[in-house]
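Be aware that the sequence shown starts at 1010, since it is given in this note's numbering, and climbs by one per residue.
Just so you know, even glycine gets a beta-carbon here, dropped at the ideal spot from N, CA and C.
Computed from a predicted model, the values in this text were never measured in an experiment.
Below: the structure, in structure tokens.
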Amino acid sequence: PDIWAFPCKSFTLRNSRGDLDAFCLHILIISGLRIFIYQLWTSCVNMLFLTGNRRILQQGVDFKQIDKEGTGRPFLFFFLISSHDLDNFIILQALMASVAYYVFPFLSLLPLWDPRSFIAATLLHVVVSEPLYYWVHRCFHGDYLFTHYHSLHHSSPVPQPLTAGSATFLEHLILTAVIGLPVLGSCTIGYGSISMIYGYVLVFDFLRCLGHSNVEIVPRQLFEKLPFLKYLLYTPTYHSLHHEDMCTNYCLFMPLFDALGDTLNTKSWEPHKRTSSNAEL
């Protein structure tokens, strides 16, 4: 029957050796680039001659935190064999992306470039990923979930880029869904592209590192000239307040959702302005 024509055709495409090799190569490249982003952020924010006057918390990172988060190691070698947090969630998400290739055969038909895919992914991120993360994060600050899961993330006294990956298996699964929904959603409605997958995943990691960097690099003039941007983009200072006062600032990247959920820390903007001003002296 005709009803089986498309699934059978898709199954053939899905199992094409060339398609499989290409998709696996993309997963490998993306995984390597993700590790490079985390490593580059970690190296840069700890160059005190560059970041000393921009640091939010002045205390240093102790060896317990370094060991827990797996920093300061030859990352290319440990990419395949390490059991530390950085490698864990990237390898987990790479495996889940591989499974998605078999479950959703249309992923083998994605074009290299489609401008509409970036618009679709951005819209889905705002209306799906941001509110989903906000409410799940807020739930993880309840007594049971925080004690048994989320407390691991908050056990790092000084936020670092690799702190973003310091979490439990359950939290990594949820974050995988948060990342994957805009990507898969865009592809499902016919607006997916390979370049969008690269761009969305790498920008997602870049912003996660930004929030946990403990170095304020977002200039105060940006919010002074365009005040509405402070509700669309968080800052390292903004997220550091969440690690200090764990009842506020739950958002993923957009403080707008904290404002809507009445969990926005009233001190969010003043420390940012002060730290940014100090960096100009």
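Work out the CA separation of Leu1261 and Ala1186 for me, nearest whole Å. 13 Å
Using a 10 Å radius around the Cβ and a threshold of 16 neighbouring Cβ atoms, would you call Asp1267 buried or exposed? buried
Is Val1224 helix, strand or coil by DSSP? strand
Burial state of Ile1183 (16 or more Cβ within 10 Å): buried
If I follow the unbroken alpha helix (DSSP H) through Trp1122, where does it start and stop? Premise fails: Trp1122 is in no alpha helix (DSSP H) and is neither H nor E.
In whole angstroms, what is the alpha-carbon distance linking Ile1039 and Leu1211? 8 Å
Alpha carbon to alpha carbon, what distance is there between Arg1043 and Glu1078? 16 Å
Enclosing alpha helix (DSSP H) for Glu1253 [first to last residue]: Pro1245 to Glu1253
Taking the alpha-carbon positions, what's the Leu1219 to Tyr1110 distance? 30 Å
Does the segment 1142-1151 come close enough to the segment 1045-1064 that 3 or more CB-CB pairs lie under 8 Å? no
Ordered along the chain, which non-local residues of its own chain (more than five positions away) have a Cβ less than 7 Å from that of Asn1274? Leu1250, Asp1254, Thr1257 and Asn1258
Tell me which residues share the same chain as Arg1291 and place their Cβ nearer than 7 Å to its Cβ, disregarding the 5 neighbours each side in the sequence. Since the first residue of the chain shown is 1010 and the last is 1290, residue 1291 is not available in this structure.
Given a threshold of 16 other Cβ atoms within 10 Å of its Cβ, counted over all protein chains shown, does His1162 qualify as buried or as exposed? buried
Ile1036 to Val1192 span [Cα, whole Å]: 14 Å
Indicate whether Pro1280 and His1221 have their beta-carbon atoms separated by less than 7 Å. no
Find out if the Cβ-Cβ distance for the pair Ser1277, Tyr1240 is shorter than 7 Å. no
If I measure Cβ to Cβ from Glu1289 and keep anything under 7 Å in the same chain, skipping five residues before and after, which residues do I get? none
Close beta carbons around His1252, own chain, < 7 Å, minus the five adjacent residues each side: His1163 and Pro1168
Can you tell me the Cα-Cα spacing of Tyr1234 and Gly1061, whole angstroms? A quick correction: the sequence has Lys, not Tyr, at residue 1234. Approximately 26 Å between the Cα atoms of the pair.
Quick check: the Cα distance between Val1145 and Cys1196, rounded to an integer number of angstroms? 24 Å
Straight-line Cα distance separating His1134 from Leu1104: 22 Å
Separation of Arg1283 from Leu1121, as counted between CA atoms: 44 Å
Who are Arg1217's beta bridge partners in DSSP? DSSP, once it has assigned bridges, lists no residue as partnering Arg1217.
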